[in-house]
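Here is the structure we will look at, set down as structure tokens.
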Amino acid sequence: MEASLIQSNPDFSAAERDSVYRCIHQRRDVRGQFLPDPIPDATLARLLRAAHHAPSVGFMQPWDFIVVREAEAKQRVHDAFAAANAEAATMFEGDRQRTYRTLKLEGILEAPVGICVTCDRRRTGPVVVGRTHQKEMDLYSAVCAVQNLWLAARAENLGVGWVSIMRHADLRRALGIPPSIRPIAYLCVGRVSHFFEKPELETAGWLPRTPLSEIVWFDRWQERSGAEPLLEHLQP
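Position one of the sequence shown corresponds to residue 9 (our numbering), numbered consecutively onward.
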């Protein structure tokens, strides 16, 4: 194999490795701490480039990115959220519903930038390497782009909030997305006043973090002896 096809410096130093893990563990879903400061285009380009370098099935790169800055466009997206959120609240009962109604679940109007990530399921044709038997792999690929962007944003000291409480049809109308294109994520992006120590839903008591040692199995679904050495390393 030609040397030019091989990475010349593939190893990460310990400091670089630790920075990656720190970014992963300190990433947060931001809702209410956005500042109005604009994001420089050079920074925004780095985020989009990181997203564009996500893994994709068959290298089909099914994503597109809609950068939303206009107030009118943000208001249309917020209207789509508000309608779905009012409906969502009625799906919970009692204390759960009361808690839900107190949660801040988006920063659409406050964040200086919104980014809508979409998936073109017909890109590169009807037959895609790696998608012949699992058709949903293109959707998962687009989600990988979201995660890349999210981690890159955290490394840039920017907050990101994924707004999922809206109907696809309403988001399509708000942003002029064709019916053949699948919206994957609407992300609120911007500088923030602070990052919380723990995820907000964990802090609010909605759900605790599941211990990793309770969800790792060996060789078969939900099977382990309990004596596997790896389990000791999975303790918090």
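Beta carbons: idealized from backbone N, C-alpha and C, even for Gly.
A quick note: this is a predicted structure, and the numbers were derived from the prediction, not measured.
Report task. In the DSSP assignment, find the beta strand (DSSP E) that holds Asp128 and state where it starts and stops. Result -> On the sequence shown, position 120 is the one that residue 128 refers to. Where Asp128 is concerned, the enclosing beta strand (DSSP E) stretches over Val121 to Asp128.
Query raised in the report: Among Asp45, Ala88, His61 and Arg199, which one has its Cα closest to the Cα of Arg39?
Result: Stepping through the sequence shown from its first residue, residue 39 is reached at position 31. Here the closest residue by C-alpha is Arg199.
Query raised in the report: DSSP beta-bridge partners for Pro191?
Result: Residue numbering aside, residue 191 sits at position 183 when the sequence shown is read from its first letter. According to DSSP, Pro191 bridges with Thr126.
Query raised in the report: Would a C-beta distance cut-off of 8 Å place Arg35 and Leu215 closer than the cut-off?
Result: Position 27 of the sequence shown holds residue 35. Position 207 of the sequence shown holds residue 215. Not a contact, by the Cβ cut-off of 8 Å.
Query raised in the report: Are at least three pairs of beta-carbons, each pair with one atom in the segment 114 to 131 and one in the segment 187 to 204, less than 8 Å apart?
Result: yes
Query raised in the report: Since Ala59 and Asn156 are thought to touch, with beta carbons under 8 Å apart, how far apart are those beta carbons, to the nearest angstrom?
Result: Taking the first residue of the sequence shown as 1, we reach residue 59 at position 51. Taking the first residue of the sequence shown as 1, we reach residue 156 at position 148. Contact between Ala59 and Asn156 holds: their C-beta atoms lie close to 5 Å from each other, under 8 Å.
Report task. Measure how close the beta-carbons of Cys196 and Val171 come, nearest whole angstrom, since I'm counting them as under 8 Å. Result -> As a first step, residue 196 is located in the sequence shown; it is residue number 188 there, counting from the start. As a first step, residue 171 is located in the sequence shown; it is residue number 163 there, counting from the start. So it is a contact: roughly 6 Å between Cβ atoms.
Query raised in the report: Exposed or buried, which one is Met9 when buried takes at least 16 other CB atoms within 10 Å?
Result: Along the sequence shown, read from residue 1 onward, the residue named residue 9 stands at position 1. Counting Cβ neighbours within 10 Å, Met9 comes out exposed, since fewer than 16 surround it.
Query raised in the report: Is the distance from the Cβ of Gly122 to the Cβ of Val76 below 8 Å?
Result: As a working mapping, residue 122 is identified with position 114 in the sequence shown. As a working mapping, residue 76 is identified with position 68 in the sequence shown. Yes, Cβ-Cβ distance for Gly122 and Val76 is below 8 Å.
Query raised in the report: Which stretch, first to last residue, makes up the alpha helix (DSSP H) that contains Val85?
Result: Here residue 85 refers to the residue found at position 77 when the sequence shown is read from its first residue. That run of the alpha helix (DSSP H) goes Ala79 to Ala97.
Report task. Locate the beta strand (DSSP E) running through Val154, then write down its first and last residues. Result -> Taking the sequence shown and counting its residues from 1, one reaches residue 154 at position 146. Val154 -> not in any beta strand (DSSP E); alpha helix (DSSP H) instead, spanning Met145 to Ala163.
Query raised in the report: From Leu147 to Thr218, what does the alpha carbon distance come to, in whole angstroms?
Result: As a first step, residue 147 must be located in the sequence shown, where it is residue number 139. As a first step, residue 218 must be located in the sequence shown, where it is residue number 210. If you take the alpha carbons of Leu147 and Thr218, they lie about 26 Å apart.
Query - Three-state secondary structure assigned by DSSP to Val28 - result: Residue 28 sits at position 20 when you count from the first residue of the sequence shown. For Val28, the secondary structure class from DSSP, reduced to helix, strand or coil, is helix.
Query - Beta carbon of Ala150 nearer than 8 Å to that of Trp225 - result: Here the question's residue 150 lines up with position 142 in the sequence shown. Here the question's residue 225 lines up with position 217 in the sequence shown. In this structure, Trp225 does not lie closer than 8 Å to Ala150 by Cβ.
Query raised in the report: Should the segment 226 to 235 be called in touch with the segment 200 to 211, which here means at least 3 C-beta pairs below 8 Å?
Result: no
Requested in this report: Pick helix, strand or coil for Gly198, following the three-state DSSP scheme.
Outcome: As a working note, residue 198 is residue 190 in the sequence shown. Strand, per DSSP.
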